[in-house]
Amino acid sequence: MNVKLLSLILVFFYFGNVTAQVLTSQENNSTTSTTGLKVFDFNELESYLNSKKDGNTYVINFWATWCAPCVKELPYFEALNTNYKNKNVEVVLVSLDFPKQIETKLVPFLKKRGFRSEVVILNDVDSNTWIPKVNKDWSGAIPATLIYNKNRGAFYERSFNYLELETELKQFIK
Amino acid sequence: MKNTLKTLLVLVVFVTASAFTTAGTGYDIGDIATDFELENIDGTMVSMADYNDAKGFIIVFTCNTCPYAVAYEDRVEALNKKYAAKGYPVIAIMPNNTDVKPGDNMAAMKARAKAKGFTFPYVMDKGQKIYPQYGATKTPHVYILQKSKNGPQVKYIGAIDDNYQDASAVTKTYAEDAVNALLNGKEVSETKTRAIGCSIKV
Numbered sequence: 001m002n003v004k005l006l007s008l009i010l011v012f013f014y015f016g017n018v019t020a021q022v023l024t025s026q027e028n029n030s031t032t033s034t035t036g037l038k039v040f041d042f043n044e045l046e047s048y049l050n051s052k053k054d055g056n057t058y059v060i061n062f063w064a065t066w067c068a069p070c071v072k073e074l075p076y077f078e079a080l081n082t083n084y085k086n087k088n089v090e091v092v093l094v095s096l097d098f099p100k101q102i103e104t105k106l107v108p109f110l111k112k113r114g115f116r117s118e119v120v121i122l123n124d125v126d127s128n129t130w131i132p133k134v135n136k137d138w139s140g141a142i143p144a145t146l147i148y149n150k151n152r153g154a155f156y157e158r159s160f161n162y163l164e165l166e167t168e169l170k171q172f173i174k
Numbered sequence: 001m002k003n004t005l006k007t008l009l010v011l012v013v014f015v016t017a018s019a020f021t022t023a024g025t026g027y028d029i030g031d032i033a034t035d036f037e038l039e040n041i042d043g044t045m046v047s048m049a050d051y052n053d054a055k056g057f058i059i060v061f062t063c064n065t066c067p068y069a070v071a072y073e074d075r076v077e078a079l080n081k082k083y084a085a086k087g088y089p090v091i092a093i094m095p096n097n098t099d100v101k102p103g104d105n106m107a108a109m110k111a112r113a114k115a116k117g118f119t120f121p122y123v124m125d126k127g128q129k130i131y132p133q134y135g136a137t138k139t140p141h142v143y144i145l146q147k148s149k150n151g152p153q154v155k156y157i158g159a160i161d162d163n164y165q166d167a168s169a170v171t172k173t174y175a176e177d178a179v180n181a182l183l184n185g186k187e188v189s190e191t192k193t194r195a196i197g198c199s200i201k202v
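Chains as they are written, first to last, in the UniProt record's numbering: chain X, 1 to 174; chain P, 1 to 202.
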């Protein structure tokens, strides 16, 4: 399943609105934006994981606003996205915030931080099914990170500082 | 002599390596779980050995500060209400470092237990020596143990059920199914499940 197909069932949450405005759109959803958030179930998210063979290196981080170690390391992922843009590295921040906290917590948080990395929301309660699909060894604890390109992939159930993250990434882009 | 030394060295390396491997992975199904002596919110020390009449235990690594753990508080209480009298009491263990998460300190644990009316022990893994032996990585993380002649044997590891957001929309009650199987003298059919949780704070 590719990204364009996903855009057919795209859901946008607009920052200005108190209630989430649900729209379907055929616009290209691959542009990074802090004004719209996509909410996926795992089948929809799966196109981001392991499947893109386009020469880019993808850094997929699973996090939530209520996860303190996740929030602490987000700036390192954001810096990686900025510093390695010209090396075809793309960071995707997959939020596991609860649906009822998207408007009250996630949206204000993202607005304040102004991340340039792509942020998507995964809302899929059947975690026993999808966690092993992300990685067979993942216990389900967050933060967790997946790095992959067409040549290789690695999964990390741990926290990172910037240097550690960069060291891992460099193994993918040399 | 030289050969003996060499053998010894190899043995030491091997034992050290396997010790580290064990520490990293924790218990698997069938392993014998360690007992503990941990302080409860009422100031008493709690051990599995105190429970002469129990057939086993529902050990839940949980805390005050993780939204996933909070989402399951009422369901953990319901498990204890349902299964303590049948021989499978809940023992909740708070594994976080309270310097990192002050919201999980003993005073906060007491307050939370009182507010929620917990009827099970809510003990602290002070010094964080127990959760690594079990291999718990997150809250909530459930271990269901059955007493055996060798000690409490691990029969189930994982999630409480398949819907953290909505208790009324649960379709698979993993933990209950496991205890029911043990009570009926059957093997647990789904022994390991996974759910999202908050990493244990060290």
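The beta-carbon is built from N, C-alpha and C at its ideal position, and this holds for glycine as well.
By the C-beta density criterion, V202 of chain P is exposed, having fewer than 16 other C-beta atoms within 10 angstroms. Burial of T145 of chain X is indicated by the presence of at least 16 other C-beta atoms within 10 angstroms of its C-beta. Uninterrupted alpha helix (DSSP H) stretches at least 4 residues long and entirely within the UniProt domain "Thioredoxin" (20 to 174) of chain X occur at 42 to 45, 68 to 83, 107 to 113, 127 to 134, 162 to 173, given in chain order. For A141 of chain X, the closest of X:D41, X:E46, X:E44, X:N61 by C-alpha to C-alpha distance is X:N61.
At a Cβ-Cβ threshold of 8 Å, A92 of chain P and T44 of chain P do not count as neighbours. The straight-line gap separating the alpha-carbon atoms of I58 of chain P and N97 of chain P is approximately 22 Å. In the DSSP assignment, K129 of chain P falls outside any beta strand (DSSP E) and carries neither an H nor an E.
Under the 8 Å criterion on CB atoms, Q153 of chain P is classed as non-interfacial with respect to chain X. For the segment 52 to 73 of chain X, the set of positions with a beta-carbon nearer than 7 Å to some beta-carbon of chain P reads W66, C67, P69 in chain order. When CB distances to chain X are screened at a threshold of 8 Å, the residues of the segment 158 to 188 of chain P falling below it are G158, A159, D162, N163, Y164, Q165, D166, A169, K172, Y174, in chain order. Of all residues in the segment 88 to 102 of chain X, only L96, F98, P99 come within less than 8 Å of chain P when Cβ atoms are compared, listed by chain position.
At a cut-off of 8 Å between beta-carbon atoms, A79 of chain X makes no contact with chain P. The residue from X:T57, X:C67, X:K38 with its alpha-carbon nearest to that of T139 of chain P is X:C67. The DSSP-derived three-state label of E190 of chain P is coil. Proximity of A141 of chain X to chain P, defined by a Cβ-Cβ separation below 8 Å, is satisfied. In this structure the segment 144 to 164 of chain P does not lie against the segment 94 to 111 of chain P, because fewer than three pairs of beta carbons, one per stretch, are closer than 8 Å.
Per DSSP, the beta-bridge partners of P152 of chain P are P:K147.
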